[in-house]
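Asker: Residue numbers (numbering that gives the first Met the number 0), protein chains in the order written: chain A, 0 to 229; chain B, 0 to 235.
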Amino acid sequence: MNAEVFFTPDAAVADIEDGSTILVGGFVSAGTPSNLILALKRSGQTNLTAVANNIGLGDLLDELCEDRQLSKVIATFAIRASGTRSSRFEAQYRAGEAELELVPQGTLIERLRAGGAGLGGVLTRTGLGTMMAEGKQVLELDGESWLLERPLRGDVALLKAWRGDRQGNLQYRQAGLNFNPVMATAADLVIAEVEEIVEAGEIPPDGVGTPGLYVDRLVQCEPIPVRWDG
Amino acid sequence: MRADPGALGRLIVASSTAPVSLSRELIALRAARELAPGSVVNLGIGLPTLVAGFVEAADGIRFQAENGILGYSGISDSDFDADLINAGGQPVDLLAGASFFDTADSFAMIRGGHIDAAVLGGLQVSARGDLANWYVPARGGGSVGGAMDLAVGARTLIIAMAHVTREGEPRIVEVCDYPLTAERCVDVIVTDLAVIDVTARGLSLRETAPGVSVEEVGAWTGAALDTSGPVREMSL
Numbered sequence: 000m001n002a003e004v005f006f007t008p009d010a011a012v013a014d015i016e017d018g019s020t021i022l023v024g025g026f027v028s029a030g031t032p033s034n035l036i037l038a039l040k041r042s043g044q045t046n047l048t049a050v051a052n053n054i055g056l057g058d059l060l061d062e063l064c065e066d067r068q069l070s071k072v073i074a075t076f077a078i079r080a081s082g083t084r085s086s087r088f089e090a091q092y093r094a095g096e097a098e099l100e101l102v103p104q105g106t107l108i109e110r111l112r113a114g115g116a117g118l119g120g121v122l123t124r125t126g127l128g129t130m131m132a133e134g135k136q137v138l139e140l141d142g143e144s145w146l147l148e149r150p151l152r153g154d155v156a157l158l159k160a161w162r163g164d165r166q167g168n169l170q171y172r173q174a175g176l177n178f179n180p181v182m183a184t185a186a187d188l189v190i191a192e193v194e195e196i197v198e199a200g201e202i203p204p205d206g207v208g209t210p211g212l213y214v215d216r217l218v219q220c221e222p223i224p225v226r227w228d229g
Numbered sequence: 000m001r002a003d004p005g006a007l008g009r010l011i012v013a014s015s016t017a018p019v020s021l022s023r024e025l026i027a028l029r030a031a032r033e034l035a036p037g038s039v040v041n042l043g044i045g046l047p048t049l050v051a052g053f054v055e056a057a058d059g060i061r062f063q064a065e066n067g068i069l070g071y072s073g074i075s076d077s078d079f080d081a082d083l084i085n086a087g088g089q090p091v092d093l094l095a096g097a098s099f100f101d102t103a104d105s106f107a108m109i110r111g112g113h114i115d116a117a118v119l120g121g122l123q124v125s126a127r128g129d130l131a132n133w134y135v136p137a138r139g140g141g142s143v144g145g146a147m148d149l150a151v152g153a154r155t156l157i158i159a160m161a162h163v164t165r166e167g168e169p170r171i172v173e174v175c176d177y178p179l180t181a182e183r184c185v186d187v188i189v190t191d192l193a194v195i196d197v198t199a200r201g202l203s204l205r206e207t208a209p210g211v212s213v214e215e216v217g218a219w220t221g222a223a224l225d226t227s228g229p230v231r232e233m234s235l
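(1) In chain A, which residues lie less than 7 Å from isoleucine 109 of chain B when you measure between Cβ atoms?
(2) Would arginine 170 of chain B pass as a contact of histidine 162 of chain B if the rule is Cβ separation under 8 Å?
(3) Using a Cβ-Cβ cutoff of less than 6 Å, which residues in the same chain neighbour glycine 96 of chain B once the five nearest sequence positions on both sides are dropped?
(4) I want to see whether chain B comes within less than 8 Å of alanine 160 of chain A, judged by CB atoms only; does it?
(5) Using a Cβ-Cβ cut-off of 6 Å (strictly less than) and excluding sequence neighbours within five positions of valine 12 of chain B, which residues of its own chain qualify?
(6) Taking only three categories from DSSP, how would you classify glutamine 170 of chain A?
(7) If you drop the 5 nearest sequence neighbours on each side, which residues of the same chain put their C-beta closer than 8 Å to that of leucine 46 of chain B?
(8) Kindly indicate if chain A contains any beta-carbon less than 8 Å away from that of arginine 61 of chain B.
(9) Using a beta-carbon distance below 8 Å, is glycine 121 of chain B in contact with chain A?
(10) Determine the chain B residues that contact glutamate 109 of chain A at a beta-carbon separation under 8 Å, and present them in chain order.
(11) Against alanine 181 of chain B, what residues of chain A qualify as contacts under a CB-to-CB distance less than 9 Å, listed in chain order?
(12) Quick one: what does DSSP say alanine 95 of chain B is sitting in, helix, strand or coil?
(13) Residue ranges of each beta strand (DSSP E) run of no fewer than 3 residues wholly in the segment 42 to 111 of chain B, ordered along the chain?
(14) Cβ of arginine 127 of chain B versus every heavy atom of the ligand COA: is any distance shorter than 7 Å?
(15) Under 8 Å between C-beta atoms, does glutamine 173 of chain A make it to chain B?
(16) Specify the secondary structure class of lysine 71 of chain A as computed by DSSP and reduced to three states.
(17) Taking Cβ positions only, does valine 181 of chain A come closer than 8 Å to chain B?
(18) Could you tell me if glycine 229 of chain A is buried or exposed, where buried requires 16 or more neighbouring beta carbons within 10 angstroms of its beta carbon?
(19) Answer yes or no: does any C-beta atom of chain A fall closer than 8 Å to that of valine 40 of chain B?
(20) Determine the burial state of phenylalanine 106 of chain B: buried for a count of at least 16 other Cβ atoms within 10 Å of its Cβ, exposed for fewer.
(21) Counting along the chain, where does the alpha helix (DSSP H) carrying alanine 35 of chain B start and finish?
(22) Measuring only between beta-carbons, confirm whether valine 27 of chain A sits less than 8 Å from chain B.
(23) Alanine 90 of chain A and leucine 69 of chain A: beta carbons closer than 8 Å?
(24) Identify which residue in A:Ala51, A:Val4, A:Leu107, A:Glu65 has its Cα closest to the Cα of valine 155 of chain A.
(25) What in chain B is Cβ-close to phenylalanine 88 of chain A, meaning under 8 Å?
(26) Return the residues of the segment 28 to 44 of chain A that lie within a Cβ-Cβ distance of less than 7 Å from chain B, sorted by chain order.
(27) Are any of the Cβ atoms in chain B nearer than 8 Å to that of isoleucine 21 of chain A?
(28) What is the rounded straight-line gap between the Cα of arginine 124 of chain A and the Cα of proline 103 of chain A?
(29) Along chain A, which residues have their Cβ under 7 Å away from the Cβ of aspartate 148 of chain B?
(30) How about the segment 14 to 26 of chain A and the segment 211 to 219 of chain A: do they share at least three Cβ pairs that are nearer than 8 Å?
(31) Using a Cβ-Cβ cut-off of 8 Å, state whether alanine 80 of chain A counts as contacting chain B.
(32) With 8 Å as the threshold, decide whether the Cβ of alanine 49 of chain A is near any Cβ in chain B.
(33) Please confirm if valine 216 of chain B has its CB atom under 8 Å from at least one CB of chain A.
(34) Once DSSP output is grouped into helix, strand and coil, what is the label at alanine 49 of chain A?
(35) Checking contacts by CB at 8 Å: is leucine 157 of chain A closer than that to chain B?
(36) Along chain B, which residues have their Cβ under 9 Å away from the Cβ of proline 224 of chain A?
Structure follows, in structure tokens:
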């Protein structure tokens, strides 16, 4: 069950199809697959749906909006509540050119987890009595109300880890974990950008954050530093 | 990075409509004093991030960040490390015993009732403790992040905010007209004018800011406020 090793991020994303739903790991600057995102920009696929924690000023994901590659974003942070500057995505969303599904962070991760784990949905209190509950089923169970949130999956997941071995096992660094391990379970094609590809066995078994069976492609890249600007 | 409350002064806001009031730093300082020693606390983006600068190391308070850190002490002055940030993207320093985990674990902590307290910003709080803090109608948008999860899941929810808007409109209202973050979730409101408890019987004034009268707090509050209990002056 070796992962296929690609020599450039461009080669790793070249066959992603127009119209795909793409899960993008990372949280602001931590654990973000910057090289894969920029490769997707160069590759030029269109009509993509991106699922990510954040898309905003300074986020590389926003670069995909330069050539209008994103028709929809599912995220927790996308619209700034203050300030005068806005991201390319926000401008396109406000112009009605791109769609936004704003999701509470805990709900986003649990929907992805359900999608990856073969579960039919999640029952949560988060969002009850708010705009997030509009059009969704509320279940009354033993006198308590629960909002039903449905699973979420991607055609492709783009992940970032510290090290990956040839079997696809991934080891994360510090707060670089975030959405990556769950997204690894919830897409048909999982592509991971790592700082170093090592031989199987070099990552200790108890240091593996994502077992290799989830990972299809690996590419070794120098990380691109990102600093968030909201 | 530790803030020095003595150097911050007070009475820095003076406009024609809004009352003269405590600085953001002093609101954060007062909110920090609501935190019990040894507790696990999540801080929202904006004013609440300042709270980390006002806790005593001896109190052993551990901050949790949605992006997967338990046990940071505050904002770091050292070199920026892209993988060592809080949920606001700020670099943080770790305490001994800190841990990293993924987002699913992080929200199991938050939704599962394992976070002792959250300090969040607010746009409006209602008389029954409803919170609106993510969508700004005047701007036609906002982002939700982890606010809805924290509002529902934290055992104690402290809102740290300005008592009124820049235009002088009360933020504490009978019923929120901004889109809600969660219903009946707020326990304590700390503002530049007062500390107010949300009780089963409604809002109860606990403290006033130095130089601010009970009547002034009532006048700037858009909901019924019980002032019959012992009301103290904030000690800052």
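Backbone N, C-alpha and C define an ideal beta-carbon position, used for all residues, glycine too. The model shown is predicted, which means the values in this text are computed figures rather than measured ones.
Answerer: In short, the structure shows the following:
(1) Gly105, listed in chain order.
(2) yes
(3) Excluding the 5 residues flanking it on each side, glycine 96 of chain B has same chain C-beta neighbours closer than 6 Å at Gly70, in chain order.
(4) Not one chain B Cβ lies under 8 Å of alanine 160 of chain A.
(5) Per-residue confidence for valine 12 of chain B stands at a pLDDT of 42, beneath the threshold of 50, marking its modelled position as unreliable; no derived number is given.
(6) Secondary structure of glutamine 170 of chain A (DSSP, three-state): strand.
(7) Arg23, Ile26, Ala27, Gly120, Ala159, Met160
(8) no
(9) no
(10) Near glutamate 109 of chain A (Cβ distances below 8 Å), the residues of chain B are Ala103, Phe106.
(11) One finds Arg124, Thr125, Gly126, Leu127, Gly128, Thr129 in chain A with Cβ atoms closer than 9 Å to the Cβ of alanine 181 of chain B, taken in chain order.
(12) Reduced to three states, the DSSP call for alanine 95 of chain B is strand.
(13) Correct list: 61 to 64, 68 to 74, 91 to 99.
(14) With respect to the ligand COA, the structure shown offers nothing to examine, as it has no ligands at all.
(15) yes
(16) If DSSP states are grouped into helix, strand and coil, lysine 71 of chain A belongs with the strands.
(17) At least one chain B Cβ lies under 8 Å of valine 181 of chain A.
(18) Confidence at glycine 229 of chain A is low in this model, with a pLDDT of 43, below 50, so the placement of that residue is unreliable and no value is reported for it.
(19) no
(20) buried
(21) Looking at the DSSP string, alanine 35 of chain B is not in any alpha helix (DSSP H), and its letter there is neither H nor E.
(22) yes
(23) no
(24) A:Ala51
(25) The contacting residues do not exist; phenylalanine 88 of chain A stays about 12 Å from chain B at best.
(26) Within the segment 28 to 44 of chain A, Ser28, Ala29, Gly30 place their CB atoms closer than 7 Å to a CB of chain B, listed in sequence order.
(27) With its beta carbon at least 8 Å from every one in chain B, isoleucine 21 of chain A lies outside the interface.
(28) 11 Å
(29) Pro103, Gln104, Gly105, Thr125
(30) A contact is defined here as three or more CB-CB pairs under 8 Å, and the segment 14 to 26 of chain A fails this definition with respect to the segment 211 to 219 of chain A.
(31) It does; some Cβ of chain B falls within 8 Å.
(32) No - not a single Cβ of chain B is within 8 Å of the one on alanine 49 of chain A.
(33) Chain A has no Cβ within less than 8 Å of the Cβ of valine 216 of chain B.
(34) strand
(35) no
(36) Within chain B, the residues near proline 224 of chain A are Phe79, Ala81.
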